[in-house]
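Residue numbers (UniProt numbering): 1 to 560.
Positions of the beta carbon are idealized from the N, C-alpha and C atoms, including for glycine.
Here the structure comes first, spelled out in structure tokens, and everything after it is commentary.
This is the structure:
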């Protein structure tokens with residue numbers, strides 16, 4: 001599925017196949033301010049700028065000379081040129097890391113050793129990828145060691161919003177009128193972009209549909225564990241004796257297909273003891289399945305709020321809280337790919353035989369770039385765990401996960417869900433109850449009354465950390481690494497500023513009811529057979545993603 005993420009462009013020239021890579025023709029008639037989108041909608045190109053002292057400039061350069069320093073000189077005999085700003089876009093890409101290869105050769109000038117008028121030209125420009133400068137004052141001739149010599153530059157770029165931008169920009173340096181009036185500005189011969197997503201970690205094993213059908217006894221209803229984010233989950237036993245959980249994509253689920261790709265791409269490249277382990281997948285026709293380790297004690301919400309005979313004593317609860325924080329800290333700060341889970345909740349935390357927690361269900365996960373302040377995206381997740389800035393504006397940062405963790409921490413302490421209509425009005429919402437007790441200096445009144453004994457200092461730290469993580473401003477919420485240190489008692493818990501405005505300024509019950517009414521429920525816990533009315537589909541995009549050229553926004557949003 002990820003092969004579609006790769007693309008290659010023969011800038012200013014016809015289709016060509018080199019080393020098994022098909023470079024698609026890019027010979028569009030660009031003008032002063034124009035753009036072109038390939039018919040496959042894999043990529044696009046735009047140009048802005050007017051050549052001085054040259055009319056009818058074709059914005060392309062070609063040569064019949066044999067370009068040296070390469071085994072494929074035909075790749076370099078044509079180039080796309082621009083007097084100012086030249087951008088190439090990869091569209092509808094899977095999010096993840098990519099290797100970007102840029103190919104250049106200077107063919108407009110004579111060699112400097114000839115000391116002719118045509119040898120005096122200097123082409124100098126800057127190169128940006130994803131808005132970050134990667135080459136400043138790039139001089140093809142100087143880098144290649146002469147004219148008509150190939151030079152390649154490779155970079156690793158991270159795609160977080162399904163598009164890639166390569167920007168070549170002339171900043172007024174070099175010559176502008178030598179040897180002719182149009183011999184300046186960016187020039188590029190070819191581009192290839194290759195996904196590295198499956199190369200940064202172990203590839204998942206592939207199972208046949210027949211294997212998984214046998215493992216689950218033909219998906220027998222008695223083996224059904226519940227509903228996952230995009231379909232049913234079954235318990236199974238492989239031929240080698242391993243007990244597994246098999247997540248099956250519902251054939252009619254278009255949203256599920258996107259989540260399936262996201263989940264397998266994300267979880268296959270991260271490894272941590274507090275993340276659920278992916279054993280492999282099955283893709284046969286319309287049949288898409290994921291195979292995970294089976295976790296005997298199912299989900300945290302069932303352990304805390306369900307009718308099962310599983311009592312979580314205080315040391316176990318505290319360890320679950322700290323270990324879950326470690327899993328999130330790994331995703332946010334330690335893994336090679338930085339990941340926002342987007343749906344941190346008790347039902348997405350599974351418990352193994354030793355009651356060690358493992359974060360699951362990565363169908364809504366988003367990669368993010370450390371250099372970006374936030375991502376603007378469609379809202380998805382579960383009411384009660386959604387940070388206010390994300391629920392109301394689609395403003396996504398890793399602090400959205402921190403908020404969800406804060407709610408989970410308070411649920412672990414109290415042994416109750418974040419909303420419970422069976423409670424008195426002032427206790428329906430867990431956050432409201434926690435703040436009422438905190439403000440009256442009765443924090444320990446939140447502790448689950450079924451606990452025979454508990455560590456008061458640990459309980460106070462968990463409650464204060466939970467309140468800190470659920471502050472209205474994401475800037476006030478600590479990073480997960482600091483959360484771990486505060487829970488462990490290595491550092492003091494930062495002061496909790498004030499009761500969040502979303503509890504004081506709004507009628508919380510009315511807001512919740514409004515959101516529930518406007519969204520169709522779909523995402524459900526892997527281990528919960530009941531529909532969760534608080535789960536949200538990715539809905540209307542509340543804030544459009546910032547793009548340099550708005551003409552491409554619809555194409556980018558489609559994906560591939």
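- Proximity to residue 337 [Cα-Cα], best of 213, 111, 458 and 270: For the purposes of this step, residue 337 is identified with residue 337 of the chain shown, where counting begins at 1. Residue 337 has its Cα closest to that of 270, out of 213, 111, 458 and 270.
- Continuous beta strand (DSSP E) stretch holding residue 22: start and end: Start at 1 with the first residue of the chain shown, and residue 22 comes out as number 22. It spans 21–26 - the beta strand (DSSP E) in which residue 22 sits, taken as one unbroken run.
- Distance, residue 220 Cα to residue 244 Cα: The count along the chain shown starts at 1 and reaches residue 244 at position 244. The count along the chain shown starts at 1 and reaches residue 220 at position 220. Spanning the two alpha carbons is a distance of roughly 14 Å.
- Quick one: Cα of residue 307 to Cα of residue 428, how far? As a first step, residue 307 is located in the chain shown; it is residue number 307 there, counting from the start. As a first step, residue 428 is located in the chain shown; it is residue number 428 there, counting from the start. Near 20 Å, if we compare the C-alpha coordinates of residue 428 and residue 307.
- Query: residue 137 to residue 174, Cα distance in whole Å?
  - Reply: By one-based count along the chain shown, residue 137 stands at place 137. By one-based count along the chain shown, residue 174 stands at place 174. Residue 137 and residue 174: Cα-Cα distance of roughly 9 Å.
- Rounded to whole angstroms, what's the CA-CA distance from residue 41 to residue 47? Just pull it up for me. The count along the chain shown starts at 1 and reaches residue 41 at position 41. The count along the chain shown starts at 1 and reaches residue 47 at position 47. Approximately 18 Å, taken between the alpha carbons.
- Can you say whether residue 524 is buried or exposed, counting buried as having 16 or more other CB atoms within 10 angstroms of its CB? Translated into the one-based positions of the chain shown, residue 524 becomes position 524. No answer about residue 524 holds up, because its pLDDT of 40 lies below 50 and its placement is not dependable.
- Query: Got a sec? Which residues, its chain only, sit under 7 Å from residue 484 by beta carbon, not counting five neighbours each side?
  - Reply: Walking along the chain shown from the start, residue 484 turns up at place 484. Once the five neighbours on either side are set aside, the close Cβ partners of residue 484 are 322, 325, 326 and 329.
- Collapsed DSSP secondary structure at residue 356 in the structure displayed: The count along the chain shown starts at 1 and reaches residue 356 at position 356. It is coil, neither helix nor strand.
- Query: Between the segment 345–359 and the segment 235–243, are three or more C-beta pairs nearer than 8 Å?
  - Reply: no
- Message: What does DSSP give as the partner residue(s) for residue 231 in the beta ladder?
- Response: As a working note, residue 231 is residue 231 in the chain shown. Bridge partners of residue 231: none, in fact.
- Closest by CA to residue 482, which one among 280, 468 and 96? Here residue 482 refers to the residue found at position 482 when the chain shown is read from its first residue. Selected option, being the one with the closest Cα: 468.
- Check the C-beta distance from residue 8 over to residue 192 and give it rounded, since I have them as a contact under 8 Å. On the chain shown, position 8 is the one that residue 8 refers to. On the chain shown, position 192 is the one that residue 192 refers to. Confirmed, about 4 Å.
- Message: Considering only DSSP beta bridges, list what residue 191 is partnered with.
- Response: In the chain shown, residue 191 corresponds to position 191, counting from 1. DSSP, once it has assigned bridges, lists 9 and 102 as partnering residue 191.
- Reduced DSSP category for residue 222 - H, G, I as helix; E, B as strand; rest coil: As a working mapping, residue 222 is identified with position 222 in the chain shown. Three-state result, residue 222: helix.
- Query: From the DSSP output, which residues share a beta bridge with residue 97?
  - Reply: Taking the chain shown and counting its residues from 1, one reaches residue 97 at position 97. Note: residue 97 sits in a beta bridge opposite 158.
- For residue 44, I'd like the list of residues in its chain whose CB is within less than 8 Å of its CB, leaving aside the five on either flank, ordered along the chain. Residue numbering aside, residue 44 sits at position 44 when the chain shown is read from its first letter. Only 35, 36, 37, 38, 88, 89, 91, 552 and 555 meet the Cβ criterion.
- Message: Rounded to the nearest angstrom, what separates residue 488 and residue 282 at their Cα positions?
- Response: Position 488 of the chain shown holds residue 488. Position 282 of the chain shown holds residue 282. Looking at the two C-alpha atoms, the distance is approximately 41 Å.
- Query: Beta-carbon separation of residue 277 and residue 292 under 8 Å?
  - Reply: The residue labelled residue 277 in the question sits at position 277 within the chain shown. The residue labelled residue 292 in the question sits at position 292 within the chain shown. Cβ distance < 8 Å, so residue 277 and residue 292 count as in contact.
- Query: Would DSSP call residue 473 helix, strand or coil?
  - Reply: Your numbering for residue 473 matches position 473 in the chain shown. Three-state DSSP puts residue 473 in coil, outside helix and strand.
- Go ahead and label residue 394 buried or exposed: buried means 16 or more other beta carbons lie within 10 angstroms of its beta carbon, across all protein chains shown. In the chain shown, residue 394 corresponds to position 394, counting from 1. Classification of residue 394: buried, given that the 10 Å Cβ count is 16 or more.
- Rounded Cβ spacing between residue 342 and residue 188 (contact assumed at less than 8 Å): What you label residue 342 is simply residue 342 of the chain shown in a count that begins at 1. What you label residue 188 is simply residue 188 of the chain shown in a count that begins at 1. With 8 Å as the limit, residue 342 and residue 188 do not qualify as a contact, their Cβ atoms being about 37 Å apart.
- Item | Which of helix, strand or coil DSSP assigns to residue 445 | Reading the chain shown from its first residue, position 445 is the one you call residue 445. Here residue 445 sits in helix by DSSP.
- In this structure, does DSSP put residue 212 in helix, strand or coil? The residue labelled residue 212 in the question sits at position 212 within the chain shown. Correct three-state label for residue 212: helix.
- Count the other C-beta atoms from every protein chain shown that fall within 10 angstroms of the C-beta of residue 231, then say buried if there are 16 or more, exposed otherwise. Within the chain shown, residue 231 is the residue found at index 231, counting from 1. Counting C-beta atoms within 10 angstroms of its own C-beta, residue 231 has 16 or more neighbours from the protein chains shown and is therefore classed as buried.
- Just list the beta strand (DSSP E) runs in the segment 35–64, keeping only unbroken ones of 3 residues or longer that don't cross its boundaries, in chain order. 43–48 and 60–62
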